[in-house]
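Participant: Take this structure first; my questions come after.
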Amino acid sequence: MSKLQDDINKYKEKFETNVSDDVKETITKSTNKLKELNIKNNALKVGDQVDSFTILNANNKVVNLDEVLKKNKYAVLSFYRGLWCPYCNMELRQLQKILPSLNILEAKLLTLTPQTPDNSLSQIEKENLEFEVLCDKNNALARKFGIVFTLDEMLKPVYESFGIDILQSNKNGTFDLPLPATFVINSNHEVIFAFVDEDHTNRCEPDDILHAIKEDLKNRH
Numbered sequence: 698m699s700k701l702q703d704d705i706n707k708y709k710e711k712f713e714t715n716v717s718d719d720v721k722e723t724i725t726k727s728t729n730k731l732k733e734l735n736i737k738n739n740a741l742k743v744g745d746q747v748d749s750f751t752i753l754n755a756n757n758k759v760v761n762l763d764e765v766l767k768k769n770k771y772a773v774l775s776f777y778r779g780l781w782c783p784y785c786n787m788e789l790r791q792l793q794k795i796l797p798s799l800n801i802l803e804a805k806l807l808t809l810t811p812q813t814p815d816n817s818l819s820q821i822e823k824e825n826l827e828f829e830v831l832c833d834k835n836n837a838l839a840r841k842f843g844i845v846f847t848l849d850e851m852l853k854p855v856y857e858s859f860g861i862d863i864l865q866s867n868k869n870g871t872f873d874l875p876l877p878a879t880f881v882i883n884s885n886h887e888v889i890f891a892f893v894d895e896d897h898t899n900r901c902e903p904d905d906i907l908h909a910i911k912e913d914l915k916n917r918h
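Taking my numbering, the leading residue of the sequence shown gets 698, the next gets one more, and so forth.
Laid out in structure tokens, this is it:
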């Protein structure tokens with residue numbers, strides 16, 4: 698079992714012992730409703746082309762995809778909900794651990810979130826993150842990748858009971874969020890790996906990212 702999946706399983710086990718059956722049922726129902734929307738089927742897939750984009754990072758510096766791919770063979774884009782999401786934090790920690798391997802493979806890791814720059818800076822400091830955290834205001838880029846959904850009404854009081862304030866986190870007046878999603882893009886702007894899931898507890902395995910890049914490099918020779 699991977700370290701990320703192990704972390705997730707431990708957290709879920711603890712979480713499920715601490716919440717009511719009603720809360721568990723509400724979360725399951727909303728996840729099933731989201732799956733029925735088939736958002737994942739409309740997301741970018743392997744073989745699709747990614748248009749260049751320019752976006753600001755948490756320090757208000759410009760990051761441009763063309764520039765990233767001039768300096769690196771690959772760009773790894775990981776979309777996440779925000780620092781309030783424990784599953785996102787577990788994933789970011791594991792991504793941090795594969796950073797040296799990504800550097801060797803000449804792959805630049807870019808994480809994207811709709812939360813405000815201040816929240817991203819807090820997260821970078823708290824988790825000691827050494828990769829780019831980009832501010833996807835209003836989920837603009839996530840929409841282009843086809844991975845945006847609106848939080849189910851039935852989940853809002855549940856999130857409030859957990860102390861989660863999405864309106865405060867994103868400050869864009871909506872409950873729109875990205876699905877957990879990871880894309881690896883090569884120097885030709887082509888998607889060579891895609892992971893998208895409607896279940897917020899399912900996350901891309903960092904080792905799968907490394908494997909996809911190594912396979913692509915092997916096929917190039």
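For each residue, glycine too, the CB sits at the ideal point set by N, CA and C.
Going by DSSP in three states, residue 727 sits in which element: helix, strand or coil?
Facilitator: The residue you call residue 727 lines up with position 30 of the sequence shown. Residue 727 falls in the helix class under three-state DSSP.
Participant: Does residue 766 pass the burial test, meaning 16 or more other C-beta atoms within 10 Å, or should it be called exposed?
Facilitator: What you label residue 766 is simply residue 69 of the sequence shown in a count that begins at 1. Residue 766 is buried by the Cβ-count criterion.
Participant: Since residue 795 contacts residue 903 with CB under 8 Å, what's their CB separation in whole angstroms?
Facilitator: Your numbering for residue 795 matches position 98 in the sequence shown. Your numbering for residue 903 matches position 206 in the sequence shown. About 4 Å separates the two Cβ atoms, so the contact holds.
Participant: Give the straight-line distance between the Cα atoms of residue 919 and residue 720, rounded to the nearest whole angstrom.
Facilitator: Since the first and last residues shown for the chain are 698 and 918, residue 919 lies out of range.
Participant: Which residues in the same chain as residue 911 place their Cβ atom closer than 8 Å to its Cβ, once the five residues preceding and following it in sequence are excluded?
Facilitator: In the sequence shown, the residue the question calls residue 911 occupies position 214. Cβ neighbours of residue 911 beyond the five flanking positions: 802.
Participant: Report the option in 839, 896 and 799 whose CA atom is closest to the CA atom of residue 724.
Facilitator: Here residue 724 is taken as the residue at index 27 of the sequence shown, counted from 1. The shortest Cα separation from residue 724 among 839, 896 and 799 belongs to 896.
Participant: Since residue 893 contacts residue 737 with CB under 8 Å, what's their CB separation in whole angstroms?
Facilitator: As a working note, residue 893 is residue 196 in the sequence shown. As a working note, residue 737 is residue 40 in the sequence shown. The Cβ separation is near 5 Å, so the contact holds.
Participant: Can you give me the Cβ contacts of residue 698 inside the same chain, cut-off strictly under 8 Å, excluding the 5 residues immediately before and after it?
Facilitator: The count along the sequence shown starts at 1 and reaches residue 698 at position 1. The predicted model places residue 698 with a pLDDT of 47, which falls under 50 and marks its position as unreliable, so this point remains unresolved.
Participant: So residue 741 and residue 773 are in contact, right, with Cβ under 8 Å, and what is the actual spacing, rounded?
Facilitator: Your numbering for residue 741 matches position 44 in the sequence shown. Your numbering for residue 773 matches position 76 in the sequence shown. Residue 741 to residue 773, Cβ: 14 Å. No contact.
Participant: Helix, strand or coil: how does DSSP classify residue 915 here?
Facilitator: The residue given as residue 915 occupies position 218 in the sequence shown. Of the three classes helix, strand and coil, the one that applies to residue 915 here is helix, per DSSP.
Participant: In three-state DSSP terms, what is residue 714?
Facilitator: Here residue 714 is taken as the residue at index 17 of the sequence shown, counted from 1. Correct three-state label for residue 714: helix.
Participant: Taking just the CA atoms, how far does residue 709 sit from residue 899?
Facilitator: By 1-based counting over the sequence shown, the position of residue 899 is 202. By 1-based counting over the sequence shown, the position of residue 709 is 12. Distance between the alpha carbons of residue 899 and residue 709: 11 Å.
Participant: Would you say residue 817 lies against chain C (beta-carbon separation less than 8 Å)?
Facilitator: Of the protein chains in the structure, only one exists, and it is not chain C.
Participant: With DSSP run on the structure shown, which of helix, strand or coil describes residue 722?
Facilitator: Walking along the sequence shown from the start, residue 722 turns up at place 25. Of the three classes helix, strand and coil, the one that applies to residue 722 here is helix, per DSSP.
Participant: If I follow the unbroken alpha helix (DSSP H) through residue 863, where does it start and stop?
Facilitator: Translated into positions along the sequence shown, residue 863 becomes position 166. Where residue 863 is concerned, the enclosing alpha helix (DSSP H) stretches over 863-867.
Participant: Going by DSSP, what residues sit across from residue 754 in a beta bridge?
Facilitator: The residue given as residue 754 occupies position 57 in the sequence shown. 831, per the DSSP bridge assignment.
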